[in-house]
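First the structure, in the form of structure tokens, and then the observations on it.
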Ligand SMILES: [Mg+2]
């Protein structure tokens, strides 16, 4: 019997996500060892490895050169992060259809609370979990492993044990027995350093850890010891948090050196601010579905104007198109402007709020363009490359003063 108040928590984790997406995009890579990240000759690290490459000992975060030694015939690919973001969005779209309580952890893993959803899905949670795996396979062509238990800790460890391509359910009451034979490193929060500390006490398995009293653990490790005591028994009470918008908005504004009536100059400044905000948006892997324009006049009256779009975007030219329209409508050349600002709003990690495939026939092309812009700026400075609109009045912008005065708010 399931005890009262027991929960059904799933941890859903895509197997070898980046590498699997690369194999989907290029079927000739199917069945081959694929390593995503860095140039094998360079100093990068492995971002992801296909299961075929893992058989040779290749792991994420390993120096690429070492991976090359372990698996010389591996196919190295640079990685296509815009595409991963799209697959991730579709992955979470699928999860969202099974429960209102989905908590993304990273691009390819998340928790879901299915408690009380039995009737909704006409069957026990185990069957729903298998249905989710099938759904992901049919719709995305990707393999997910799922762990299920009474809390997030158990679900997470179970999905790790279920890999690859598996499902593992730890029934209520069996948490401790399930964990006992496993190595302590399987418990989130016990990294390589913690494992070494425990090894010095002769502890390798979770079961051995359970043999220590709360007092002993606290004496050895303080607060961490107390956490270990509970975790080793499979106790964990953090709920599944509903996915929330990660940031309310990303805004950039600047007080002009001199109040201005110059429409072209104000527009160029807004374009520059939009580029700044857009760069931050992409850095945070987000998309905006709205923009807000802010104008403060010499008399300190302030107006804001907002609009939203159908599909979220992180492309500067689309963001500025809306800012520019708002500005054209709002600005009357009577009172000098003292401050201008832009805010990107309705932020989301998902590109497609609606499956609107017609707004931009080739979003990847733009992704590639903005990625290379961001890379150049990372290397040579933000103003290395600017939109023509941002440059139009460059001589009057008084050099770098503007960019230094730009403040970052709420980002
Ligand atoms: Mg994964």
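Residue numbers (this note's numbering): 2 to 412. Just so you know, even glycine gets a beta-carbon here, dropped at the ideal spot from N, CA and C. Keep in mind it's a predicted model, so treat the numbers as computed, not measured.
Using a cutoff of 7 angstroms, the CB of residue 14 counts as near ligand 1, since one of the ligand's heavy atoms is closer than that.
In summary, residue 86 is buried, with 16 or more beta-carbon neighbours lying within 10 Å of its beta-carbon over all protein chains present. Taking 8 angstroms as the cut-off, the beta carbon of residue 254 is found closer than this to the beta carbon of residue 342. Here residue 153 is buried. Its C-beta has 16 or more other C-beta atoms within 10 Å. By alpha-carbon distance to residue 93, the top candidate from 60, 257, 281, 134 is 134. Here the alpha carbon of residue 382 sits roughly 55 angstroms from the alpha carbon of residue 173. In the same chain as residue 54, and ignoring 5 residues on each side of it, the C-beta atoms closer than 8 angstroms to its own belong to 20, 34, 35, 36, 68, 72, 75, in chain order. Proximity of the region 367-374 to the region 301-319 meets the contact definition, three or more beta-carbon pairs being nearer than 8 angstroms. The DSSP-derived three-state label of residue 84 is helix.
Taking 7 angstroms as the cut-off, the C-beta of residue 18 counts as close to a heavy atom of ligand 1. Burial of residue 252 is indicated by the presence of at least 16 other C-beta atoms within 10 angstroms of its C-beta.
Residue pairing for residue 345: DSSP places it in a beta bridge opposite 251, 292.
The straight-line gap separating the alpha-carbon atoms of residue 84 and residue 261 is approximately 42 angstroms. Shown here for residue 23: same chain residues with a beta carbon closer than 7 angstroms to its own, the five before and five after excluded, namely 30, 35, 37, 78 in chain order.
Residue 297 is positioned such that its CB atom lies no closer than 8 angstroms to that of residue 327.
Taken from the Cβ of residue 109, at least one heavy atom of ligand 1 lies inside 7 angstroms. Annotation: residue 303 to residue 287 spans about 28 angstroms, alpha carbon to alpha carbon. Under the DSSP assignment, residue 15 falls in the beta strand (DSSP E) whose first and last residues are 10-15.
Rounded to the nearest angstrom, the gap between the Cα atoms of residue 155 and residue 235 is 6 angstroms.
Residue 210 and residue 275 have their alpha carbons spaced roughly 54 angstroms apart. Taking residue 47 as the centre and dropping the five residues before and after it, the same chain places the C-beta of 36, 37, 38, 39, 59, 60, 61, 62, 63, 64, 65, 68 closer than 8 angstroms to its C-beta, in chain order. The region 46-110 is shown to contain whole beta strand (DSSP E) runs of 3 or more residues at 76-78, 103-107, in chain order. Leaving aside the five residues that flank residue 126 on each side, the residues in its chain whose CB is nearer than 6 angstroms to its CB run, in chain order, 9, 115.
Sequence-distant Cβ neighbours of residue 299 in its own chain, meaning closer than 7 angstroms and more than five residues away, are 260, 336, 337, 339. Here residue 292 really is in contact with residue 344; their C-beta atoms are around 7 angstroms apart, less than 8 angstroms. Excluding residues up to 5 positions away in sequence, 317, 320 lie with their Cβ nearer than 6 angstroms to the Cβ of residue 279 in the same chain. Beta-carbon to beta-carbon, residue 151 and residue 7 are separated by about 5 angstroms, close enough to satisfy the 8 angstroms threshold. Residue state for residue 116 is assigned as coil, using DSSP reduced to three classes.
Residue 385 and residue 199 have their C-alpha atoms spaced approximately 51 angstroms apart.
The C-alpha of residue 145 is placed about 4 angstroms away from the C-alpha of residue 15. Measuring C-alpha to C-alpha distances from residue 322 to each of 295, 289, 272, 333 identifies 272 as the nearest. Shown here, residue 297 sits in a strand according to DSSP, grouped into three states. Residue 147 is bridged by DSSP to 13, 168.
Looking only at 148, 13, 89, the smallest Cα-Cα distance to residue 349 is reached by 89. The alpha carbon of residue 97 has as its nearest neighbour, out of 308, 194, 118, the alpha carbon of 118.
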